[in-house]
Amino acid sequence: TKTISKCYVQVTGMTCASCVANIERNLRREDGIHSILVALMAGKAEVRYNPAIIHPSAIAELIRELGFGATVMENCGEGDGILELVVRGMTCASCVHKIESTLMKTNGVLYCSVALATNKAHIKYDPEIIGPRDVMQVIKDLGFTTSLVKKDRSASHLDHKQEIRQWKRSFVVSLVFCIPVMGLMIYMMVMDSQLSEAHAHHNMSNEEMEALHSSMVLEYQLLPGLSVMNFLSFLLCVPVQMFGGWHFYIQAYKALKHKTANMDVLIVLATSIAFVYSFVILLVAMAEKAKVNPVTFFDTPPMLFVFISLGRWLEHVAKGKTSEALARLISLQATEATIVTLGPDNVLLSEEQVDVELVQRGDIVKVIPGGKFPVDGRVIEGHSMVDESLITGEAMPVTKKPGNTVIAGSINQNGSLLISATHVGADTTLSQIVKLVEEAQTSKAPIQQFADKLSGYFVPSIVAVSVVTLFAWIIIGFVDFEIVEKYFLGYNKSISAAEVIIRFAFQASITVLCIACPCSLGLA
C-alpha cells in the first residue's frame with residue numbers, strides 16, 4: 001500500500017468557480033497527487049499526495065505557476081472533524097470505558113471523551129476515513145442510543161436589538177433636554193449681541209450696562225447669585241447627566257478599572273467636571289450673593305451626550321443590518337438531507353433522511369425538485385436547472401449535468417439529482433460566507449485600531465494639558481494680575497484677587513477639557 005499524506009494549502013487570488021476547476025484539473029494530472037479539493041470561500045485546498053514522489057512545497061509551487069498565491073498551511077489539525085453527541089443508556093463508569101475504548105480502537109477516531117454526568121461524548125475524527133454516522137453506528141452497536149447535540153441555528157448572538165434600544169433611549173433622553181438648553185443658549189447669544197450693539201451706539205456707563213443685563217428675563221435672579229438661566233440649565237442638565245450618560249459612566253468605570261483610558265472616559269470626565277464645576281460655582285455665587293451671574297457650562301453635557309449617543313445608536317443600527325443579513329444567510333441552510341445507497345450501475349438500494357450535520361464526505365445525496373442542496377457536491381446522475389442566486393446573484397437558473405458542482409443552500413428546480421458530497425458541515429460555501437461575515441464584524445478596520453490607540457494617548461494628554469493650563473494661569477495671575485483682569489470680565493470687585501485668579505484658571509482648564517471632548521467625535 002502506498003502511504004498517502006494530506007496537506008492544506010492556503011490559496012489566494014481565486015475569484016470564481018472556474019478558478020477552482022482550473023486548479024483542480026491541473027493538479028490532478030500531476031504525478032504523486034492523489035486527489036485535491038479546493039474551497040473557494042475559505043481559500044483553502046486540501047491535497048492528498050504521495051510523499052515519496054512530491055512535497056507540499058512543490059504542490060504550492062504548482063498552484064503558483066497557475067497564477068495564484070499559495071502557501072502551505074502548517075497546522076493541519078484543521079481537517080479534523082469534531083462531533084458532539086448525546087449518549088443515552090449509560091449507567092456506570094464501565095459503560096463510559098466501553099464506549100471510549102471501542103471508539104479509540106476504531107480506525108479514524110483521533111480522540112474521544114465521554115462524560116457520564118452530562119451524557120455527552122466529544123469525538124475528534126479524520127473525515128477522510130470515518131464520518132459522524134459511522135461513529136454513531138459504533139455506539140449504537142454497543143447498545144446505546146445517540147443523537148446529535150442540537151446547534152442553535154438562529155444566530156441569536158448576532159442580535160443588536162438590545163443595544164439599539166439602549167442607545168436610542170439614551171439619545172432621545174439627551175435630545176429632549178438638549179433642545180431647551182440650546183434654545184436658552186441661542187437666546188442668550190442673540191441678547192448679548194444686541195446688548196453689545198447698544199453698548200457700541202450709546203456710550204453707556206457700566207452701571208447702565210449691568211442694569212440692562214439684569215433687566216433681561218433670563219438674567220433675572222431668583223435668589224441672589226442664581227439666575228433663571230442658570231437654574232433652568234441646571235434642571236435640564238441633571239436628567240441628562242443621570243440617564244443619558246448612564247452607559248458612558250458604566251463603560252468608563254470598566255475601562256478605568258483595567259487601567260485604560262478610552263473615549264468613554266474622556267466624555268465622562270469632561271461632562272462630569274463641567275457639571276460639578278458649574279454646580280459648585282453656582283453655590284459659591286449664591287453664598288456670595290453675587291450681583292453678576294457666574295458663567296456656567298451646563299450646556300456642555302447635554303449637547304455632548306446627544307452627539308455621541310446618536311453616533312453609537314447609528315453604529316449599532318448598521319451592525320444590526322449586517323447581522324440581519326447573516327441571520328438570513330444562516331436560515332438558507334437546509335436542515336435535513338436524503339442519503340442514498342447505490343448498488344452496481346447506480347441502482348438505488350435504500351435511502352434515509354438524516355440531519356445535515358451527519359452528511360459525510362463522499363456520501364451520495366438525493367435532491368428532489370424544489371429541494372435545497374444540503375451540502376456542496378458534484379452531480380453524479382440527473383439533469384436539472386438550479387437557482388444559485390443566493391451566491392451568485394444570478395436570477396436565471398443554471399443547468400446542471402453530471403460532473404458539475406453544486407452549492408449548499410441553492411435550490412434545485414425541475415429534475416431529481418444525485419450528488420456526491422465534497423464539502424460538508426463547516427466547509428460548505430455557505431458556512432464559509434457566514435464565518436467570513438462574522439469575522440468581518442468582530443475584526444476592526446485598521447483606522448479604527450489606530451483611533452483606539454490614539455485615544456489611549458489622547459485622554460491622558462488632554463488631562464495633562466488642562467492641568468498645565470490651570471497652573472499656567474495661576475502663575476500668570478500672581479505674576480501679572482492685569483492680564484487676568486483683561487480677560488475675566490464682569491467678576492465681582494468685592495472678592496479677593498487670589499480668588500479671581502483661581503476661578504479664572506479653573507474656568508480656562510475646564511474649557512480645555514470640554515472642548516477637547518468633542519475631539520473624540522473627530523476620532524469617531
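Those letters in the sequence shown? Residues 1 to 524, by UniProt numbering. Think of the CB as a built atom: it goes at the ideal place given N, C-alpha and C, for glycine as much as any other residue. All of these numbers come straight from a predicted model, not from anything done at the bench.
{"Query": "Cβ of Ile502 versus every heavy atom of the ligand NAD: is any distance shorter than 7 Å?", "Result": "For the ligand NAD, the structure offers nothing, since it holds no ligand at all."}
{"Query": "If contacts are defined as beta-carbon pairs under 8 Å, then Gln413 and Ser384 qualify, I think. What distance do you get, rounded to the angstrom?", "Result": "6 Å"}
{"Query": "Got a sec, what are the start and stop residues for the alpha helix (DSSP H) His423 sits in?", "Result": "That residue, His423, is in no alpha helix (DSSP H); its beta strand (DSSP E) goes Leu417 to His423."}
{"Query": "Expressed to the nearest angstrom, what Euclidean distance is found between the alpha-carbon atoms of Ala498 and Glu485?", "Result": "12 Å"}
{"Query": "Determine contact between the region 293-301 and the region 136-153, defined as no fewer than three beta-carbon pairs at a distance below 8 Å.", "Result": "no"}
{"Query": "Please report the Cβ distance between Pro180 and Leu226, rounded to the nearest whole angstrom; I am assuming they are in contact, meaning their Cβ atoms lie under 8 Å.", "Result": "Pro180 to Leu226, Cβ: 18 Å. No contact."}
{"Query": "For Thr341 and Asp376, which I take to be in contact (beta-carbon distance under 8 Å), what is that distance rounded to the nearest angstrom?", "Result": "Their Cβ separation, rounded to whole angstroms, is 21 Å, which puts Thr341 and Asp376 out of contact at 8 Å."}
{"Query": "Quick one: what does DSSP say Leu116 is sitting in, helix, strand or coil?", "Result": "coil"}
{"Query": "Using CA atoms only, rank isn't needed, just tell me which of His316, Ser323 and Phe275 is closest to Pro302.", "Result": "Phe275"}
{"Query": "Can you name, in chain order, every residue of its own chain whose Cβ lies under 8 Å from the Cβ of Met136, other than the five neighbours on each side?", "Result": "Leu85, Thr146 and Leu358"}
{"Query": "By DSSP, does Glu324 sit in helix, in strand, or in coil?", "Result": "helix"}
{"Query": "Is Tyr277 close to chain C? Criterion is C-beta to C-beta, closer than 8 Å.", "Result": "No chain C appears in this structure, which consists of one protein chain only."}
{"Query": "For Asn50, which option in His34, Val38 and Leu40 has the closest C-alpha, if you only look at C-alpha atoms?", "Result": "His34"}
{"Query": "Let's test the definition: count the other Cβ atoms within 10 Å of the Cβ of Met396 and tell me whether it reaches 16, buried, or not, exposed.", "Result": "exposed"}
{"Query": "For the beta strand (DSSP E) that Leu342 lies in, which residues bound it at each end?", "Result": "Glu336 to Leu342"}
{"Query": "CA-CA distance, Glu513 and Ala325?", "Result": "A small fix is needed here, since residue 513 is Leu in this sequence, not Glu. For Leu513 and Ala325, the distance between alpha carbons rounds to 41 Å."}
{"Query": "Given 8 Å as the limit, is there contact between the region 3-13 and the region 31-45, that is, 3 or more CB pairs closer than that?", "Result": "yes"}
{"Query": "Whole angstroms is fine: what's the gap from Met104's alpha carbon to Ser94's?", "Result": "15 Å"}
{"Query": "What does DSSP give as the partner residue(s) for Gln353 in the beta ladder?", "Result": "Thr338"}
{"Query": "Nearest to Leu283 by CA position, among Phe234, Gly477 and Gly108, is which residue?", "Result": "Phe234"}
{"Query": "Run through the region 78-114 for me and flag every whole beta strand (DSSP E) of 3 or more residues, listed as ranges in chain order.", "Result": "81-88"}
{"Query": "Give the range of the beta strand (DSSP E) segment to which His34 is assigned.", "Result": "Ile33 to Ala39"}
{"Query": "List, from N- to C-terminal side, the beta strand (DSSP E) runs of 3 residues or more that fit wholly inside the region 165-205.", "Result": "none"}
{"Query": "So what does Met385 bridge to, in DSSP terms?", "Result": "Thr399"}
{"Query": "Buried or exposed: which applies to Arg28, given that a residue is buried once 16 or more other Cβ atoms fall within 10 Å of its Cβ?", "Result": "exposed"}
{"Query": "Taking 8 Å as the threshold (C-beta atoms), are Val114 and Ile99 in contact?", "Result": "yes"}
{"Query": "What did DSSP end up calling residue 528 once you bin it into helix, strand or coil?", "Result": "Within the shown structure, residues of the chain are numbered from 1 to 524, placing residue 528 beyond reach of any answer."}
{"Query": "Kindly list the residues whose CB is nearer than 6 Å to the CB of Ala505, restricted to its own chain and excluding five residues on each side of it in sequence; keep chain order.", "Result": "Leu470, Trp473 and Ile474"}
{"Query": "Using DSSP's beta-bridge definition, name the partner residues of Cys19.", "Result": "Beta-bridge pairing links Cys19 to no other residue."}
{"Query": "Any idea if Asp264 is buried or exposed, counting beta-carbon neighbours within 10 angstroms, 16 or more meaning buried?", "Result": "buried"}
{"Query": "Return the Cβ separation of Ile447 and Leu329 in integer angstroms, given the expectation that the two are a contact with Cβ distance under 8 Å.", "Result": "Ile447 to Leu329, Cβ: 27 Å. No contact."}
{"Query": "According to the Cβ coordinates, are Val365 and Thr338 closer than 8 Å?", "Result": "yes"}
{"Query": "Which residue from Glu482, Ala21, Ser466 and Ala70 puts its Cα closest to that of residue 525?", "Result": "Nothing can be reported for residue 525: it is not among the residues displayed for the chain, which extend from 1 to 524."}
{"Query": "When the Cα atoms are used, what is the spatial distance from Leu83 to Lys321?", "Result": "32 Å"}
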